[in-house]
Ligand SMILES: Cc1cc2nc3c(=O)[nH]c(=O)nc-3n(C[C@H](O)[C@H](O)[C@H](O)COP(=O)(O)OP(=O)(O)OC[C@H]3O[C@@H](n4cnc5c(N)ncnc54)[C@H](O)[C@@H]3O)c2cc1C
Ligand code: SF4
Ligand code: SF4
């Protein structure tokens, strides 16, 4: 096929694609909703069209070949390897292409294809939704609300663009691509436990005010305090305790005093990524995001598949990821604390998970605990399909496993994370030593265990014929 013919086909298919059409016909509703200015709407539509066009060019090349390698496709399309992988991931999810066991990519026939861009309802109803809130931030017409711990679509407002689907990390998740783009080279499967990192520390805050409120070593709060004090961020996203019974609320804080008020771990799912939308609405720009792995996954997926929308919402300065084995809804938390441990939620001063036990520390200084394996069944269902313990895609990952009490284990993953951490240390916000081998061994073991267990659960789900997140 001639180059011109391939381009004409690609532009025709792109203009007729589901997302582009829905976004184009929904102009009135989108502008009335007020999330986008007219100029932003037009820029985003251009971005969608260009993105779809390039994807269809890649598809054209795949259709012409009888099984091609990624490098052959990149060469023929004259695109970078990472861009080709990015499009192939989406084409595989759309069931327009597949990757054979020998690694060759082939096109699938249109009639074999299911409708890919359903709204995220099938993720929610299928128990795969983590409650991250990414779909809420992405929806161009404010059609999604978080009700009873899940996103609910207001069908009267929904324009059917499927942008929620693109942003959701549980529809498909391009983990290899994100790892490779963060590390700058493909990630070796040997590091599957905690995945790649540049440096590993055991660290503690040097600030007395942080020690009084933090969960472990106070590293998350110290790094954010450093960024606020140096004027490097306008705001930070985290989770606050919203009432005495430990209900939670996503929090956008704008100074160190507010930051100290949201320190400490809350074992409740909270859709804090929805607040990326508030960053823009409140006129802020530079934002630091703290989140459990599934929340950081959402932001990373948006960086790869929706960079234009993300750039309207704000500029991510750093992603600080906290470790997470599992999380709970508020009803489940009540069952654990009141039902199993016999403590009233309003009497709890602090929660903690340590050495396989879930601890409750009461206001009167009492401590009660229960083995985590006895409460795992109460975790949010989606957590049973989550492969990531150590927040492998964050810039800086922080947890307690591997360090002594009152200290944090810190994995520096990216160059920007390294720069921020080292500057915060130099400026006296925290102290850090190399993580002892025993700490890293324990962390690797637990991270591998979680990944293996939950990836197996995901493939069991697929065997049962239920939708299982495509992890590529
Ligand atoms: C649900 C959950 C499960 C966890 N499981 C483990 C585990 O198994 N092993 C382990 O080593 N560590 C785990 N952690 C991490 C650990 O509890 C600490 O958050 C981490 O060590 C950071 O400590 P710090 O003293 O530096 O944090 P701090 O300085 O106290 O700051 C904590 C930050 O986390 C934010 N935050 C609190 N709760 C949430 C939440 N639910 N979602 C998103 N952000 C939140 C706060 O807003 C604050 O900014 C878990 C955390 C959560 C939220
Ligand atoms: S996982 Fe996140 S993006 Fe996906 S449906 Fe749930 S809240 Fe929305
Ligand atoms: S276990 Fe995974 S899905 Fe569940 S809250 Fe933690 S990071 Fe999210």
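In our numbering, the protein residues as written are 3 to 474.
Glycine included, every Cβ here is placed at the ideal spot set by N, Cα and C.
Since the structure is predicted, the reported quantities are computational estimates derived from the model, not experimental observations.
_In the DSSP assignment, the beta strand (DSSP E) including residue 268 goes from what residue to what residue?_
Walking along the chain shown from the start, residue 268 turns up at place 266. It is not in any beta strand (DSSP E) - residue 268 carries neither H nor E in the DSSP assignment.
*asked:* Within 10 Å of its beta-carbon, does residue 18 have 16 or more other beta-carbons around it, so buried, or fewer, so exposed?
replied: Translated into the one-based positions of the chain shown, residue 18 becomes position 16. Classification for residue 18: exposed.
*For residue 252, which of helix, strand or coil comes out of DSSP?*
Mapped onto the chain shown, residue 252 falls at position 250. Note: residue 252 maps to strand in three-state DSSP.
*Provide the residue span of the alpha helix (DSSP H) that contains residue 28, from first to last.*
The residue you call residue 28 lines up with position 26 of the chain shown. Looking at the DSSP string, residue 28 is not in any alpha helix (DSSP H), and its letter there is neither H nor E.
*Can you check DSSP and say which residues form a bridge with residue 146?*
Position 144 of the chain shown, counted from the first residue, corresponds to residue 146. Paired residues: 155.
*Given a cut-off of 8 angstroms, decide if residue 380 and residue 330 are closer than it, judged by their beta-carbon atoms.*
Your numbering for residue 330 matches position 328 in the chain shown. Your numbering for residue 380 matches position 378 in the chain shown. The answer is yes: Cβ separation under 8 angstroms.
*Note down the Cα distance separating residue 447 from residue 181, rounded to an integer number of angstroms.*
Here residue 447 refers to the residue found at position 445 of the chain shown. Here residue 181 refers to the residue found at position 179 of the chain shown. Near 20 angstroms, if we compare the C-alpha coordinates of residue 181 and residue 447.
*asked:* Could you check whether the region 241–260 touches the region 304–322, counting it as contact only if at least three pairs of C-beta atoms, one from each stretch, sit closer than 8 angstroms?
replied: no
*According to DSSP, is residue 244 helix, strand or coil?*
As a working mapping, residue 244 is identified with position 242 in the chain shown. Coil.
*Look up residue 477 in the DSSP assignment and say whether it is helix, strand or coil.*
Limits of the chain in this structure are 3 at one end and 474 at the other, which puts residue 477 out of reach.
*Quick one: any contact between the region 124–135 and the region 74–91, if contact means 3 or more CB pairs under 8 angstroms?*
no
_Contact check, residue 50 vs residue 99, beta carbons under 8 angstroms_ = Working through the chain shown from its first residue, we reach residue 50 at position 48. Working through the chain shown from its first residue, we reach residue 99 at position 97. Cβ atoms of residue 50 and residue 99: not closer than 8 angstroms.
*List the whole-angstrom C-beta distance separating residue 273 from residue 138, where the pair is believed to meet the contact cut-off of C-beta under 8 angstroms.*
For the purposes of this step, residue 273 is taken as the residue at position 271 of the chain shown. For the purposes of this step, residue 138 is taken as the residue at position 136 of the chain shown. Right, the Cβ-Cβ distance comes to about 6 angstroms (below 8 angstroms), so this counts as a contact.
*Taking just the CA atoms, how far does residue 260 sit from residue 239?*
Numbered from its first residue, the chain shown carries residue 239 at position 237. Numbered from its first residue, the chain shown carries residue 260 at position 258. Roughly 11 angstroms between the two C-alpha positions.
*Does ligand 1 have even one heavy atom less than 7 angstroms from the beta-carbon of residue 423?*
Residue mapping note: residue 423 aligns to position 421 of the chain shown, counting from 1. No, the beta carbon of residue 423 sits no closer than 7 angstroms to any heavy atom of ligand 1.
*Tell me whether residue 272 counts as near ligand 3, meaning its Cβ is closer than 7 angstroms to at least one heavy atom of that ligand.*
Residue mapping note: residue 272 aligns to position 270 of the chain shown, counting from 1. No, the beta carbon of residue 272 sits no closer than 7 angstroms to any heavy atom of ligand 3.
*Count the other CB atoms within 10 Å of the CB of residue 102; is the residue buried (16 or more) or exposed (fewer)?*
For the purposes of this step, residue 102 is identified with residue 100 of the chain shown, where counting begins at 1. The residue is exposed, with fewer than 16 neighbouring Cβ atoms inside 10 Å.
*Cβ of residue 316 within 7 angstroms of any heavy atom in ligand 1?*
Counted from its first residue, the chain shown places residue 316 at position 314. No - ligand 1 has no heavy atom lying nearer than 7 angstroms to the Cβ of residue 316.
*Quick one, are the C-beta atoms of residue 90 and residue 473 less than 8 angstroms apart?*
On the chain shown, position 88 is the one that residue 90 refers to. On the chain shown, position 471 is the one that residue 473 refers to. No, these two residues do not count as a Cβ contact at 8 angstroms.
*Could you check which residue in 407, 427, 431 and 428 has the C-alpha nearest to that of residue 441?*
Residue 441 sits at position 439 when you count from the first residue of the chain shown. Checking every option, the nearest Cα to that of residue 441 belongs to 407.
_Limits of the unbroken beta strand (DSSP E) element including residue 224_ = Within the chain shown, residue 224 is the residue found at index 222, counting from 1. Residue 224 -> not in any beta strand (DSSP E); alpha helix (DSSP H) instead, spanning 221–231.
*residue 374 lies in the alpha helix (DSSP H); which residues open and close that run?*
Residue numbering aside, residue 374 sits at position 372 when the chain shown is read from its first letter. Looking at the DSSP string, the run of the alpha helix (DSSP H) that includes residue 374 is 374–377.
*What did DSSP end up calling residue 136 once you bin it into helix, strand or coil?*
Numbered from its first residue, the chain shown carries residue 136 at position 134. Helix at residue 136.
*On the three-pair Cβ rule with 8 angstroms, is the region 228–237 touching the region 192–199?*
no
_Near ligand 3: residue 328 beta-carbon under 7 angstroms from a heavy atom_ = Here the question's residue 328 lines up with position 326 in the chain shown. It does: the Cβ of residue 328 is within 7 angstroms (strictly closer) of some heavy atom of ligand 3.
*Close-in-space but distant-in-sequence residues of the same chain around residue 312 (CB under 7 angstroms, 5 per side omitted)*: Residue mapping note: residue 312 aligns to position 310 of the chain shown, counting from 1. Within the same chain, residue 312 has close Cβ partners 304 and 305.
_For residue 120, tell me which candidate among 165, 459, 72 and 186 has the shortest Cα-Cα distance._
Along the chain shown, read from residue 1 onward, the residue named residue 120 stands at position 118. Ranking 165, 459, 72 and 186 by Cα distance to residue 120 puts 165 first.
*Which residues in the same chain have their Cβ closer than 6 angstroms to the Cβ of residue 136, if we skip the five residues on either side of it in sequence?*
Your numbering for residue 136 matches position 134 in the chain shown. Closer than 6 angstroms at the Cβ level, and outside the excluded window around residue 136, lie 169, 275 and 300.
*asked:* On the CB-based measure, 16 or more other CB atoms within 10 Å of its CB, does residue 191 come out buried or exposed?
replied: By one-based count along the chain shown, residue 191 stands at place 189. Under this definition residue 191 is an exposed residue.
*residue 339 to residue 267, Cα distance in whole Å?*
For the purposes of this step, residue 339 is identified with residue 337 of the chain shown, where counting begins at 1. For the purposes of this step, residue 267 is identified with residue 265 of the chain shown, where counting begins at 1. In a straight line, the C-alpha of residue 339 is about 15 angstroms away from that of residue 267.
*What residue ranges within the region 380–467 form continuous alpha helix (DSSP H) runs of no fewer than 4 residues, ordered along the chain?*
417–428 and 439–465
*Please confirm whether any heavy atom of ligand 2 lies closer than 7 angstroms to the CB of residue 122.*
Here residue 122 corresponds to residue number 120 of the chain shown, with the count starting at 1. Yes.
*Can you give the beta carbon distance from residue 107 to residue 64, rounded, assuming they're within the 8 angstroms contact cut?*
In the chain shown, residue 107 corresponds to position 105, counting from 1. In the chain shown, residue 64 corresponds to position 62, counting from 1. The pair is a contact, with the Cβ atoms about 6 angstroms apart (cut-off 8 angstroms).
*asked:* One question on the structure: do residue 532 and residue 372 come within less than 8 angstroms of each other, judged by their Cβ atoms?
replied: Because the chain is modelled from 3 through 474, residue 532 falls outside the range shown and cannot be assessed.
*Over what stretch of residues does the alpha helix (DSSP H) that includes residue 79 continue unbroken?*
One-based indexing of the chain shown puts residue 79 at position 77. Start and end: 72–79.
*Pull up the distance between the alpha-carbon of residue 2 and that of residue 12, whole angstroms please.*
With the chain represented from 3 up to 474, any question about residue 2 goes unanswered, as that position is not in the structure.
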